[in-house]
Amino acid sequence: MENPLVAVITSSAVESRVRKRGFRSISQLLQPFATHSVSVRDPSTGQLVSANVTIDFNDLNKEGHLLTLSVLPHVLFEVLRSKSHLNDALDSFEAALRKWAEPAEQETFRTYLACIFVVAGGEEKPMSELSRLVQEQHAQQHSSGDSKGLTPSHCGPPRWTTPNTLKHYFLLHDAAEDDEARTTAVFNEMCSTYGMDYCQMLRIGDGVVSEDLPDVWRDSDELDAILNAGLRRALQHAAASAIAHQTLERKPSATSVSTISPSYAVVQSSCIPSTALNGYPGNGKSLSIGEHAISAADREALKNVTLRFLKNCLIPHVERLMRTLLEQLAARRGLIGKSLTSGMKKWFGGTSTGNLQTLSSVSFQPESVEMQSRRLADLAFLFGLYSFAHSHYRSVKKDFEHSQAWLYHAAASEMAAVALYLSDNKVSPKQFPKHYFDAALENQLTYSGKYTCVVRCALNASLVLSKLSMFKEAATLLSTASSLDNDMCVAVTQAHASRNFEEAKMTRKAAFYRILAGNRFMKAGLKQNALECYSRALQKYANTNWDSIEDHLSTVLSADTSDKSLAVACAIRLLRESAIQTETNHAAFLGNFVETLTRFGVSSETDPLALPVPLLDVQATRVICGERPQSDDVPLNKNIAWIDIERAAYHTLAGTSAAFRPTHLVSDDDTDNQRVRSTPPYERFRVEVHLRNPLKTSLTVQNMRLGIKEVQMKEGSEGMQPFDGQELLPTLTFLPEESKKIELWVRPTCHLFGFRVGSLLLHILGSNGSAISGSLPMNVRGKRLNKNAKQMKSVVHAVDERLRIHVAQKQWPLLDFRIARKNQPQVFCGQAVTLNVEIENIGKELVNALCLATDGLDCVSVSLVDVHGKKTLVKSSHSPTNSALLTFELEGVYIPVREKIWLSVTVRAPALPGEESDIGLVFYYRGENLTYRQWQTVVSLRPVPLFESSAVLLDEIHGIVAINMRNVMPANDAALARCEVLRIRLVSQNINDKGCWAEVDNANVSIQPMRVGSQVQLDCEQSCNACIRISVPSGVKTEDYGVDGVSWWLSPMSVDPPSWPAALPNVSRTVEDSQHPFDNYYQLAIFWKASVVDNDGHVSSIVGETFIDEPLTAAKLRFPTTDMWSLKGDSFLRDGQSHSQEPPLNIICRPIKPIRHNFELNRLCQIPLEVLVTNVDHGKRSADLTLRYKPKVTEAVTSLSQLPPENRQQWWIDRELVRSVIKYGESHVFRFVISVCQPSVYDVAGSQLVLEAVFDDGEVKVFKVPNALAIVSSS
């Protein structure tokens, strides 16, 4: 706050002695010892009030209040620029404003209460010099105009609090130079002339100067340096303005205007010499010529001198002055209420209703009642009488309001609020009159108060309100000062507002005001302060979707700040993906990034910086060990158990007892990468990376290569070369937002034990052609672990070692696989897809073993093709370690270096449309040095329907089956789609001793066509039925009908049918499910060929085979053992059984399909039951049949409790008795409908149906009907 001000006038001898001690002036020497705790008497009550009072000493020859418009702004500019931290700069600004601002006419602060005259005891005529100094002060104070005879040119004229200024006299005695006796005599003469109470001897030079004493003048030295720099700046600005003005006067016709900036930036001028300016050097250096040579004894003497002056001289003088003013005010107010003579107002036109200019020009004479009241309040405030001061501020505030002197009213309102807070620190925020500050600041701004008064009012309000925890109110009030026409002052108030908003937890608003303050600081030329505001604001706006603000702040900070880490971070932040940026902006950001890193020299080849672009998808990194597979040949992971297939192939070649270790030639995010893999020497170790340019401008990178770390040489090979080569991409350009897959490699030698790929090294090219080096780190994260409770609750990832590699000791065999597949737009269900595989040994090792393993258990066949095109079927076997895999070992195959072999692999497409099939093939081979390698591929089939088939049983007794064949291709989908059936065969499978399904010989069963010589050709949407008879072989010669026992050839075979396995059963079958021990699983296989011409003109000639279940065994029926419809005669075939042992009736209950019924919609569910009875009596008799339903419960049921548990699931039959007469050789079907009321499993035949037959000769027999189970479930 404000302090009492005392003037100091010294002689030249005093200045010389003080300068020798390292001080600019006597005031600088006294100032650190000017604070004391004293007691001041209240003029209204007479009570003593304790207060801490600090006196401000000003040497009038060197110091004073700086000129408000021409000097003070430049000094304040230097104050803000001198501090490295913004908070320190703001505090120093406030202190400098209070110290150097000129006094306002609306108050008596910063006016001199007293004057101290200092002469040296060693002077030639000290008393004459003292008299001269007193006369100079009197002349200055009582001159008619503003006399500046005592003050420097950069300061305003001093103002005095009262006409009768207190005078005090110091006699300086330097013990090192002055004579003690002479000084004592001079001091006695001073005391006799001016009085003992007003004279003191100031002794220095006593004791020894110690370096351990604290430097209490450090702050003063800093202020002197700042003041000197500010004065130099003011002088340069004034000279530049004068030169510009003279230039315009010499060229009156010029249309240009002055380019002198209204800000306080330095204007360099070569015509201004670096000479001293009013005692200050012009080079910006401090005036101190050495260390401060003041001992501890001297410091104690200085403290006592100032304390004596304050207690014995200044405070009594102020107390008398306050009593006098209080009495005068009481007398004058008591006589006439308000003085009409002393309170004369000077109006410069207008009345009370005048304009703003008129109202702001109201002034009062110093001896008016209002100004005397204001002087009394100010004196009380300066000496800690805050309650007394508050009451008088309130009183005079009302007087100024009545007189419409609004600037006076604003100053009084401001100090009334401050005095109230200082008088009662426990005042609550609700009780505090915040409107005092609001009215004061509003009037200052409205009626054009000085900017120093406006800023001081805003800062006082901020200080008081923040002490009361009214941070939001303080910030809001500070923000109103933005209408000032002074960028520097507005920046200071907005910076204070941001601090208050932050204290109020309004962080976003605080960041906004920091940006506003930064903009004003930047306009004022205070770049350092502006950058700190931007830096603090960026912390709030970063990563909050305020992209425009974030980019603006980052651009300014990266280009202008001297903080290397901040500049680099901001330059990196600009190169992020943004939807609102344009190509031009991103190009500028990229150039700024390169320039920033070049300016600071951040990145180098030895210590590369992690670059923000291009973006590297580290998790998508793929590693390939060796020259094969090629990048395009690596199959995608389609949930194929590659490890199991590789294990099956390994054990096929090495035996089941050999220890298996996967080769893992390819590692990506889907593989298990917890173990370190091996790569063969002298083959490329390839790394595929996915890079993306997130910018909307093109990006050019140069010299891209792999960054190798942790190179480990084998023992004894430390001096050898670790690598035989490395790929370097000289230039790579990314288009805007373009993604690219890049493959980089190194070729390790056999001398290398292992290494790790740690990064991508590259250079980024800027728009100006300069480039900076950097890296893209490759820290791959493993898969997340969730095996235990800790891993499930917290995010824990496994180790990923795909980029760490060991180099194998031996070279590996190397085969090149080239697969040719017929180009076909579509694949059809059941089609044979042929892969022609050419295998060449491109390595340096002989391959002495080769096998193929696949998970296509029932759809793959392999043939070895010689140079003449002859195919030799390769025998397949189930894997010894996994019965779900099939292996094909090429026994006796050797592939020398640069030699080739050929294979033909046939794959059958899935039988059902829409079913996706991915069949994995692993070619596994071994070199002569017992090293292994594999090559993987996937056959992906997405078939569409073309040929469909189904079978239905027509006659269970004779095994007659109807096969329905359909061409399901719609006529609109193809120009031509003709299917021709070539062969129908019966396939039998059984579970072997290894638990695997295997095709078996079915010579005991044959198929016979019901029509000889028929051919089946089907066009689009056509169908055909063919009837065959399936039976146990009889005496009929099947070759007469175009069949070979289990096959029926419908057309001449123009192509060789594939030798693939039969389709696996749809359901699991065991021996216990069979009807007898030798029962097998039978299927009908329809082999067909087709010619398809689609609407685009593509022609496809294909073959395929469709497998369907054989209907007899599917219905759990036996094949017939007699040939009743022999074409050679009418007699029945016998199988050696006697006729008497054969039953005269054949009774069959047709199977009942499972039924799903909604009992909520319909309470009763109906079950169809069909009983087929055939008369096969050897005596060819007719039979009168009676089929009777006989329930298990015969007694009447009168209650539910009488029902046994097994009969509570009640069911009813529609007819309890049916009859029919069947002649010999005829059949009859008895049909019933059974109703049930709840879901269950029902035996609807068996002992509950009794068949009674009466033959022609009167014989009566009763037959048992077979059991028939019906499964009813609820839907």
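Residue numbers for the sequence shown follow full-length UniProt numbering, so the first one is 1 and each next one is one higher.
Positions of the beta carbon are idealized from the N, C-alpha and C atoms, including for glycine.
- In the DSSP assignment, P730 falls within the unbroken beta strand (DSSP E) covering 729 to 734.
- For H806, the enclosing beta strand (DSSP E) begins and ends at 804 to 807.
- Distance from S462 to N500 at the Cβ level is roughly 6 Å; contact confirmed, criterion being Cβ atoms closer than 8 Å.
- The shortest C-alpha to C-alpha distance from E78 to any of S295, G525, M778, V1099 is the one to G525.
- Of all alpha-carbon atoms in C570, V780, E605, the one lying nearest the alpha-carbon of T671 is that of V780.
- Under the 8 Å Cβ criterion, the segment 32 to 48 does not count as touching the segment 109 to 126, having fewer than three qualifying pairs.
- Contact between L761 and R802 does not hold, since the beta-carbon distance rounds to 19 Å and is not under 8 Å.
- If you keep only unbroken beta strand (DSSP E) runs of at least 3 residues inside the segment 649 to 674, you get nothing at all.
- The alpha helix (DSSP H) runs lying completely inside the segment 124 to 174 and spanning 4 residues or more are 126 to 141, given in chain order.
- Taking the Cα of Y1242 as reference, the smallest distance to any Cα among K1261, V1254, L1251, A1268 is reached at A1268.
- At a Cβ-Cβ threshold of 8 Å, D1019 and R985 do not count as neighbours.
- Apart from the 5 residues on each side of it in sequence, R17 sits with its Cβ closer than 7 Å to the Cβ of A120, L172, D174, E177 in its chain, given in chain order.
- Closest in C-alpha terms to K62, from the list P163, V208, N228, comes N228.
- From the listed residues R1181, Q712, F723, A1026, the smallest Cα separation to L1084 is found for A1026.
- Three or more Cβ pairs drawn from the segment 943 to 955 and the segment 1100 to 1113 lie within less than 8 Å of each other, which places the two stretches in contact.
- Cβ atoms of I1108 and S950 come within 8 Å of each other, at about 6 Å.
- For A296, the closest of D179, D206, A242 by C-alpha to C-alpha distance is D206.
- Looking from the CA of G769, the closest CA among S578, M506, L590, L69 belongs to L590.
- S876 places its beta carbon less than 8 Å from that of T887.
- P736 has its alpha-carbon roughly 14 Å from the corresponding atom of A588.
- The residues N1175, D1177, K1180, R1181, S1182, in chain order, have a CB closer than 7 Å to that of Y1224 in the same chain once the five nearest residues on each side in sequence are set aside.
- In this structure, DSSP gives Q365 a state outside helix and strand, which the three-state scheme calls coil.
- Cβ contact annotation for Q31 (same chain, cutoff 7 Å, sequence separation greater than five): F57, S220, in chain order.
- In this chain, N460 is not harboured by any beta strand (DSSP E); it is covered by the alpha helix (DSSP H) spanning 451 to 467.
- Between the alpha carbons of G707 and N592 lies a gap of roughly 26 Å.
- Taking C-alpha positions only, V952 is separated from N1002 by approximately 21 Å.
- Annotation for V961: the continuous beta strand (DSSP E) segment containing it runs 960 to 967.
- With three or more CB-CB distances shorter than 8 Å, the segment 617 to 636 counts as touching the segment 669 to 684.
- Under a 10 Å Cβ-count criterion, V369 is classified as buried, with 16 or more other Cβ atoms of the shown protein chains found around its own Cβ.
- Note on geometry: alpha-carbon atoms of A458 and S479 lie some 9 Å from one another.
- By the Cβ test, the segment 844 to 856 is in contact with the segment 921 to 929, since at least three Cβ pairs between them sit closer than 8 Å.
- The Cβ atoms of L846 and V897 sit closer than 8 Å to each other.
- Per DSSP, the continuous beta strand (DSSP E) segment holding S39 begins and ends at 35 to 41.
- Of the candidates H237, E136, M1, the residue whose Cα lies closest to the Cα of L69 is H237.
- Per DSSP, the beta-bridge partners of D955 are I960.
- Going by beta carbons, L1217 and T1186 fall inside the 8 Å limit.
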